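S.K.: Okay, here's the structure, questions in a sec.
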Amino acid sequence: MGKKRYDYKLPEHEVEYGIELAVASLKIDVEAQRTLNKKRAETIAKGLVKEAMGAIVVSRRPNGDTYIVDGMHRHYACQYLGIEKIMAEVHHGLTQQEEAILFLIKNRESSKPSALDEFKVGLTAGVPLFVDTYAVLRQHNLELGASSTNSIGAVSGVLRITQEHGQATLDRTLTVVEKAWGRDRSTWDGVLLSGVSEFLGRHGDVVDDDALLAEKIAKAGHAAGWIGTVHAQASGGGMHNSGTGSRTSTCYRLVVDAWNKGRRKGSRIEHS
Numbered sequence: 090m091g092k093k094r095y096d097y098k099l100p101e102h103e104v105e106y107g108i109e110l111a112v113a114s115l116k117i118d119v120e121a122q123r124t125l126n127k128k129r130a131e132t133i134a135k136g137l138v139k140e141a142m143g144a145i146v147v148s149r150r151p152n153g154d155t156y157i158v159d160g161m162h163r164h165y166a167c168q169y170l171g172i173e174k175i176m177a178e179v180h181h182g183l184t185q186q187e188e189a190i191l192f193l194i195k196n197r198e199s200s201k202p203s204a205l206d207e208f209k210v211g212l213t214a215g216v217p218l219f220v221d222t223y224a225v226l227r228q229h230n231l232e233l234g235a236s237s238t239n240s241i242g243a244v245s246g247v248l249r250i251t252q253e254h255g256q257a258t259l260d261r262t263l264t265v266v267e268k269a270w271g272r273d274r275s276t277w278d279g280v281l282l283s284g285v286s287e288f289l290g291r292h293g294d295v296v297d298d299d300a301l302l303a304e305k306i307a308k309a310g311h312a313a314g315w316i317g318t319v320h321a322q323a324s325g326g327g328m329h330n331s332g333t334g335s336r337t338s339t340c341y342r343l344v345v346d347a348w349n350k351g352r353r354k355g356s357r358i359e360h361s
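Pasting the structure below:
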């Protein structure tokens, strides 16, 4: 199956560097920002050297309002210490979506936001990876966040499925696991989703009966049992490590075994 590449893009626009701004004048758009960690900001404040703080990144909107794009915790630290001025890199003419994209670009190689914050901001930015993933989740009445009956905690894992295998495979994966194990917290375990999606990503063109696949998976055990087996086999049995990659590979092989059970030799899928 073909892979879709997801990139962050911005239009050409005016940027001013080394602009001094009043701390009190700066605003925050929660839809285009990470979640403020006050404890982290206060820690920054306690060790802050003003001359080495660097410039924050802001967006000057057409109405004159200035919103922080990157540097929210330094801004809070300045408020905490009573510092009135801060240096900034000022971007002009960006929409809210483009501000969110700029945030993602600025944080790509620095202190990364949490996966959930990146997902939230990515939605605001209209980045296809996040929009495509969200569309599938909505179809299944699911959201990303804390693990629960209707929420998946493995945010990075879900995004990786869309990134590596595509929107359709994520949709099929969620359909198969729900048919196999019902709506349960364990059903949405990141390792199980990754293993089933790996199977569908590799063999989805051959295995076109999702109901049969779900039935075979269910016969091999309930979700919690699968999780235990995957972790046990990935941390032993000759595996070199117990990281996410090895657990995904282990789960993939278990799905292959479940699919092959009862099938004639010529119609089985070989481990790869």
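Taking this note's numbering as reference, the numbering of the sequence shown is continuous, increasing by one, and the terminal residue is 361.
All C-beta atoms in this analysis are idealised placements derived from N, C-alpha and C, irrespective of residue type, glycine included.
None of the values given here were measured: they were computed from a predicted structure.
Give every residue of the same chain whose Cβ lies closer than 8 Å to the Cβ of I57, excluding the five residues on either side of it in the sequence, and list them in chain order.
M.R.: Any property of residue 57 remains undetermined from this structure, which presents the chain solely from 90 to 361.
S.K.: Give the list of continuous alpha helix (DSSP H) stretches no shorter than 4 residues that lie fully inside the segment 180 to 230.
M.R.: The qualifying runs are 185 to 196, 204 to 214 and 217 to 228.
S.K.: Between T222, T337, L193 and Y156, which has its C-alpha nearest G279's C-alpha?
M.R.: Reading the sequence shown from its first residue, position 190 is the one you call residue 279. Closest option to G279, Cα to Cα, is T337.
S.K.: When the distance is taken between beta carbons, is L205 closer than 8 Å to L233?
M.R.: As a working mapping, residue 233 is identified with position 144 in the sequence shown. As a working mapping, residue 205 is identified with position 116 in the sequence shown. Yes, they are a contact pair.
S.K.: Do T238 and R260 come within 8 Å of each other at the CB atom, strictly closer than that value?
M.R.: The residue you call residue 260 lines up with position 171 of the sequence shown. The residue you call residue 238 lines up with position 149 of the sequence shown. The identity of residue 260 in the sequence shown is Asp, whereas the question assumes Arg. No, the Cβ-Cβ distance between D260 and T238 is not below 8 Å.
S.K.: Could you name the residues that DSSP lists as bridge partners for A177?
M.R.: Taking the first residue of the sequence shown as position 1, residue 177 is located at position 88. I108 and I145, per the DSSP bridge assignment.
S.K.: Please name the residue or residues paired with I157 in a DSSP beta bridge.
M.R.: Residue 157 sits at position 68 when you count from the first residue of the sequence shown. DSSP lists V147 as partners of I157.
S.K.: Among G246, G255 and H102, which one has its Cα closest to the Cα of T184?
M.R.: As a working mapping, residue 184 is identified with position 95 in the sequence shown. Taking only the C-alpha atoms, the option nearest T184 is H102.
S.K.: Where does S237 sit, in a helix, a strand or coil, going by DSSP?
M.R.: The residue labelled residue 237 in the question sits at position 148 within the sequence shown. Looking at S237 - three-state DSSP - the assignment turns out to be strand.
S.K.: Below 8 Å on the Cβ atoms is my contact criterion, and I expect V179 with R149 to pass it. Report the Cβ-Cβ distance as a whole number of Å.
M.R.: Numbered from its first residue, the sequence shown carries residue 179 at position 90. Numbered from its first residue, the sequence shown carries residue 149 at position 60. Right, their Cβ atoms sit about 5 Å apart.
S.K.: So the candidates are A214, H320, R249 and C340; which of them puts its Cα closest to the Cα of K120?
M.R.: Your numbering for residue 120 matches position 31 in the sequence shown. Strictly speaking, residue 120 in this sequence is Glu, with Lys absent from that position. Per the Cα distances, A214.
S.K.: For E287 and H254, what's the separation of their Cα atoms in angstroms?
M.R.: Start at 1 with the first residue of the sequence shown, and residue 287 comes out as number 198. Start at 1 with the first residue of the sequence shown, and residue 254 comes out as number 165. Roughly 8 Å separates the two Cα atoms.
S.K.: Does DSSP classify K305 as helix, strand or coil?
M.R.: On the sequence shown, residue 305 is found 216 positions in, with the first residue counted as 1. Helix, per DSSP.
S.K.: Take the Cβ of P202 as the centre, count every other Cβ of all protein chains shown within 10 Å, and call the residue buried at 16 or more, exposed below.
M.R.: Locating residue 202 in the sequence shown gives position 113, where the first residue counts as 1. Buried, since its Cβ has 16 or more Cβ neighbours within 10 Å.
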